[in-house]
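Novice:
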Amino acid sequence: MSDPVSALGQMSYHGFAMVQEIGPLGMISLRAKPDVAGLVEVIWSVIGTALPTQRRIEVAGDTAIAWMSPDEYLLILPYDQTGPALAALAAALKSQHYLAVAVSDARAVFRITGVKADQVIAKLAPVDLDSMAVDEVRRTRVAQVAAAFWREGDGFTLVCFRSVAVYVMGLLTHSAMEGSELR
Amino acid sequence: MSTRLSRGGRLIDRSQAQEFTFNGRRLRGFAGDTLASALLSNDQVLVGRSFKYHRPRGIVASGAEEPNAIMNMGAGGRFEPNQRATTTELFAGLTATSQNHWPSLEFDIGVVNNWLARFLPGGFYYKTFMYPRAAWKHVFEPIIRKSAGLGRAPKEQDGDRYEHAYAFCDVLVAGGGIAGLQAALTAAAAGKRVMLLEQTAQWGGRAPVDGVEIDGAPSDTWVNAAIAALGKMPNVTLRLRCMVAGVYDHGYVLADEKIADHTPGDGRPRHRLWRIRAGKIVAATGAIERPLSFAGNDVPGVMLASAVRDYVVNFGVSAGDRTVVVTNNDDAYRTAIVLAEAGLAVPCIVDARPSVTGDLPARARALGIRVETGKAIASVKGTKRVTGVALCMQEGEGAVLEHIACEAVAMSGGWSPVVHLWSHCGGKLTWDAAQGYFAPDATRPPTGHDGAAMVVAVGAANGAFGVSAVLDDVQAGMRTAGNGSGVETPARRKEDAFKTTEIQPVWIMPQGAGIKLKAKMWLDYQNDVKVSDVQLAAREGYESVEHTKRYTTLGMATDQGKLSNINGLAILADALNAAIPQVGTTTFRPPYTPVPFGALAGESRGDIFQPLRRTPMHEWHEQHGAYFEPVGLWRRPYCFPRGGENHAQAVVREVDNTRGSLGILDASTLGKLIVKGPDAGRFLDMLYTGVMSTLPIGKCRYGLMCNENGFLSDDGVVARIDEDTWLCHTTSGGADRIHAHMEDWLQCEWWDWQVYTANVTEQYAQVAIVGPNARKMLEKIGGMDVSKEALPFMSWADGVLGGFPVRIYRISFSGELSYEITVPASLGLAFWQACHTAGVEFGAMPYGTEALHVMRAEKGFIMIGDETDGTVIPQDLNLAWAISKKKQDYLGKRGQERSFLVRADRWKLAGFETLDGTVVPDGAYILAEGVNDNGQRNTQGRVTSTYYSPTLKRGIALGLVLGGLDRIGDVVSFNTVTGGKLEARVVDPVFYDKDGAKQNV
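Same order as they appear, the protein sequences are chains S and G. Under numbering that gives the first Met the number 0, the first residue of the first sequence carries the number 0, and numbering increases by one thereafter. Under numbering that gives the first Met the number 0, the first residue of the second sequence carries the number 0, and numbering increases by one thereafter.
1. Please identify, using Cβ separations under 8 Å, the residues of the segment 680 to 691 of chain G that lie next to chain S, in order along the chain.
2. Taking Cβ-Cβ distances shorter than 8 Å, what residues in chain G pair up with S:P23?
3. Go through its chain and collect everything with a Cβ distance to G:P859's Cβ below 6 Å, but skip five positions before and after it.
4. Ends of the alpha helix (DSSP H) at S:T172?
5. What number of angstroms, rounded off, separates the C-alpha of G:A318 from the C-alpha of G:A283?
6. Would you mind reading off the limits of the alpha helix (DSSP H) that contains G:K775?
7. If contact is defined by three or more beta carbon pairs under 8 Å, each pair taking one atom from either stretch, is the segment 388 to 407 of chain G in contact with the segment 341 to 350 of chain G?
8. For G:K51 versus G:N526, is the C-beta distance shorter than 8 Å?
9. Going along the chain, which residues of its own chain have a beta-carbon closer than 8 Å to the beta-carbon of G:T86, five neighbours each way excluded?
10. Determine the direct distance from the alpha carbon of G:A764 to that of G:W619, and round the result to whole angstroms.
11. Buried or exposed, going by whether 16 or more other CB atoms sit within 10 Å of the CB of G:F293?
12. With a threshold of 16 other CB atoms inside 10 Å of the CB of G:N327, please say whether the residue is buried or exposed.
13. Any C-beta of chain S within less than 9 Å: which residues of the segment 598 to 618 of chain G qualify?
14. Go through the segment 846 to 889 of chain G residue by residue and report every complete run of the alpha helix (DSSP H) that reaches 4 residues or more, in order.
15. Could you tell me whether any Cβ in chain G is nearer than 8 Å to the Cβ of S:S44?
16. Around the Cβ of G:T975, are there at least 16 other Cβ atoms within 10 angstroms (buried) or fewer (exposed)?
17. Out of G:A796, G:E761, G:A679, point me to the one whose CA is closest to G:G744's CA.
18. Run down chain G in chain order and give the residues with a C-beta less than 8 Å from the C-beta of S:H13.
19. Just reading off the beta strand (DSSP E) that S:L157 is part of, what are its end residues?
20. So the candidates are G:I177, G:M232, G:D219; which of them puts its Cα closest to the Cα of G:A188?
21. What does the alpha-carbon distance come out to for the pair G:H423 and G:A572?
22. Relative to chain S, which residues along the segment 158 to 177 of chain G have a C-beta separation below 8 Å, given in chain order?
23. Does the separation of the CB atoms of G:L876 and G:I861 fall below 8 Å?
24. Beta-carbon within less than 6 Å of G:N1021's beta-carbon, same chain only, minus the 5 sequence neighbours each way: which residues are those?
25. G:R274 versus chain S: which residues are under 9 Å apart at the beta carbon?
26. In this structure, how does DSSP classify G:P580 when only helix, strand and coil are distinguished?
27. Using alpha carbons as the reference points, say which of G:M0, G:G73, G:M194, G:Q15 lies closest to G:L39.
28. Would G:G266 pass as an interface residue toward chain S - the criterion being a Cβ-Cβ separation below 8 Å?
29. Taking C-alpha atoms, which residue in G:L359, G:P353, G:V307 lies nearest to G:L343?
30. Please confirm whether S:Y72 has its beta-carbon closer than 8 Å to some beta-carbon of chain G.
31. Under 7 Å Cβ-Cβ, which residues of chain S neighbour G:E761?
32. Using a 10 Å radius around the Cβ and a threshold of 16 neighbouring Cβ atoms, would you call G:L914 buried or exposed?
33. Starting from G:F830, trace the alpha helix (DSSP H) in both directions and tell me its first and last residue.
34. Cβ of S:V136 within 8 Å of Cβ of S:R30?
35. Report the residue from S:L38, S:E40, S:I27, S:Y166 whose alpha carbon sits nearest the alpha carbon of S:F109.
36. Considering only residues of the segment 521 to 591 of chain G, which uninterrupted beta strand (DSSP E) runs meet the minimum length of 3 residues and lie entirely inside it, listed in chain order?
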């Protein structure tokens, strides 16, 4: 079997901040209410964190879980662990009302790093970054497409749909060009 | 002569000369000049022509209100028309040309309009070009458009780049003068997040020019200290060259930042559009000086008194050796004093007020300047530049008392607060009769989401003039706005000592002027609207100020009436014998000054103009010469031309090859929605017209979705995955819409149903293997049993094919043996390539959407968007078989029972074969006998899909026709664009393999 290929083959751009497409990254879209029996336990075992509260992301090493809506979470984990994680969820939530599907391949993931990384985002997303908490995740838009992002390390991780990866790379590149720093 | 003085100019750097060209002439200015000051320093008094009469126009102002010095700026990809010279910072290599003249600025043939002025009164166009109607389109409009118009439209693509930026703040201060700085200091000290935006390149506004002192020092010192203090505060953002363009609901503010206008080609974005959400907006936008209406007030050399002062103090430029000052207020005396102190002559100050006793006039008199009170200007001498003025009594009719030779006239009719930002969102104004201006009415502010005032106007923008009044007004304004008062207001202000004489509003000079003089008193310099035009409009019944504006074009020029507005409506009020507040103002609309289209577009141009959705195989398609077509935001291959094929030939080949052997289609864009939960079956039974809850696991079923009105909305194959999970295929363009439709019903109507949905469209690449050799090819790849027995038609199976984890659906949209195979998108390209490799021995070829369309039409399959247009119900398309008769309800059921949807005479689907084998034109109607009440030909149907069928080797069509399938055998006539007719026989819509034997092998 061939190796999975991310949307842009890890393309990168060095401007006043660095932009890099990363991945493939494992992702599972989980629809479930937070009080579903067994959910907290299975998230502890699969991700290693508690359930995130509203608009927050919980991180444990290379796994994380982000709050997406009152009954939706995004699980983030190494690409090859989505299968076992889905199996674990299925086993733990067998008789519960939930939906878990892999969306790793439906997404493109970007890292925007550097001390001015926030300025790249500020040109594209209507988000008040100064008041955004360290462990906050935002579902929003970048220019004309849907996106979500959160702080990670010395910058941000941004997720969008795979089909618009070229467009989003274009946006990030344009916004990170030298000479267009906001501050 | 206007010229550069040997001394002075606080903004220029005389050590840095900068060359620029104006109308091809090489001229020189200094760093820090505006284009306007540099032109004046080169004695370029004449800078353009007016719109209608092509009268000579000179620089009037020194800021954003300038109506005359409007230039074509730059060249090629950086060409931009209608740029104000007064707000354009000079840079080495700047090129500008004047506008609105032919053949040259000095000799303009259009000036003939000026001599015909009495035949071109207000409303001339409306009156003259009414009849004959056809003449407007073919004669008048082309000629008028040729002679009118300001700058030329850019011909090349914009060579610059632009961007947007989002910002959030508690307090946004518009204007970086004394008021704005003090407001920012106040809010910042209270811990607010503050943005302070100033449209020019300098802080401090007018104060440094007007000699204001604060705390015993020149205002420059205070301004610099304020900026230094603000610059150190982490909660403050300072932006120069950033014009607040508009205030919108809920504290949304747009601001246009000029980043690289003065440094073109340095790689930075030219403009940046700030999209700001502000808690409170402080309008510290200052005031604009009003012109006076006297005969010849448009002759180049007649300028605003404040502008004359600005040019001397800021740029060391004099408008002329001898300047006559004409005024109705004390402020203009500053200009006289500045000029005298700069060593220039002020032959006379003409003051319309009968007596003048203030401190400033006293200083002027002490400098030996002659002050004539109760006097007015009867007329200005000169055409392309001022040569002198004639004086008269203000109370009289204009009898000339004496002539005074001069090169410039500095006029001041008082100051009008800049209330635009206050007014954009509905802030109301009050008329101050004593001062002669509209000012913000603090009791009727624009309100935000909480009903509280959203904008507070402070300083001159609020009608507070003089540094004392300004600082007190800021303190009061900020306190009421709840933005703290933590900053001590500077106590000692020099102006406190000033005694002034009240302004006397003067709308016509002299007040008894006759029609001859009034026809030479300009209100709107750019659009040539005179006092006489507004009075004529009033006589002709235009009582509304909004109507008068449009009738006369007063204030409709690119300066949007910044100078003409108040004067114009004062004239209108007088002509209507009404009070000025009764007449009111025209509406203040954003933007405050023009914002380039490029800034509004931001990053949205070129490759990132619009998001284009690409499948994992997109690059392969590009490399293999695909011709793409848009499908929603997707780009899908329409066909893959080979060699010298045109598109039609490629489509024929692709259809023939697929039907004859093997075709491969990128079907990744097909919508894929997972629906899961205990109530999922019941939910789908409501969504689809058919029954999905009974679908056995492992099987597929075709379904139709309607909207609440019963009209067909989407279709696709549904697969039952497990006990409580279904996968719904939607059309390529419909995935997001149908997902939203599902969530809408689940969240808003059936919120207690236990159903979850997920859109997994992009998780999978999907490849259709189509044609009689499809099975052989899959067997060659190997790994799954794809036999008729193991994987019958309308079923699906998971497995591993050639090492790829796949799900295979045995569904067919072509009528051939067909497998649609999904793999994770990350493996999509690899799987696609593996299919082509395996397909070589069968002559496999990729096919595009047009071949797909042709093949489905040959089978009589409907296409959402072709056979449907939002007015078609499934019954119209003979799809009653897909509608459950047993179900109590489904979305659209009740709608479909409405009388006009069950009428027997609805147009219904049928097939058509032209008698001569040609193809029916797209969009053709089926003609019926006679004409309707409008004299139009009656119709009895229309074509919905029409193609050349390579399989039948003739034109085929699907269409809706009165009677539908009952008409089979009839010959009907389609209209053609050329007025002809095309005869076709009504046939069964399934043209190919009616029994479905080929897809079921």
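For every residue, glycine included, the Cβ atom is placed at its ideal position computed from N, Cα and C.
Specialist: With the structure as the only source:
1. Those would be none; no residue qualifies.
2. S825
3. In the sequence as presented, Pro is not what sits at residue 859 of chain G; that position holds Gly. Closer than 6 Å at the Cβ level, and outside the excluded window around G:G859, lie P988, V989.
4. 164 to 174
5. Those two C-alpha atoms are separated by around 29 Å.
6. 773 to 780
7. yes
8. yes
9. Counting only Cβ-Cβ distances below 8 Å, and skipping sequence neighbours, we find T33, G62, A63, E65, Q198, T199, T592.
10. 13 Å
11. buried
12. Per the 10 Å Cβ criterion, buried.
13. G601, E602, S603, G605, D606, I607, Q609, P610, L611, R612, R613, T614, P615, H617
14. 848 to 857
15. No - not a single Cβ of chain G is within 8 Å of the one on S:S44.
16. For G:T975, the number of other beta carbons within 10 angstroms of its own is below 16, and it is reported as exposed.
17. Looking at the sequence provided, one finds Trp at residue 744 of chain G rather than Gly. With distances taken between Cα atoms, G:W744 lies closest to G:A679.
18. Going along chain G, no residue has its Cβ under 8 Å from S:H13, so there is no contact; the nearest lies around 15 Å.
19. 154 to 160
20. G:M232
21. 24 Å
22. R160, E162, H163, A164, Y165, A166, F167
23. Result yes, Cβ atoms of G:L876 and G:I861 sit closer than 8 Å.
24. The shown model of chain G, from 0 to 1000, leaves out residue 1021 of chain G, and the question about it has no answer.
25. P125
26. helix
27. Of the candidates G:M0, G:G73, G:M194, G:Q15, the one whose C-alpha sits nearest the C-alpha of G:L39 is G:M0.
28. Yes, contact with chain S.
29. G:V307
30. no
31. A105, F160, R161, S162
32. exposed
33. 827 to 838
34. no
35. S:Y166
36. 521 to 523
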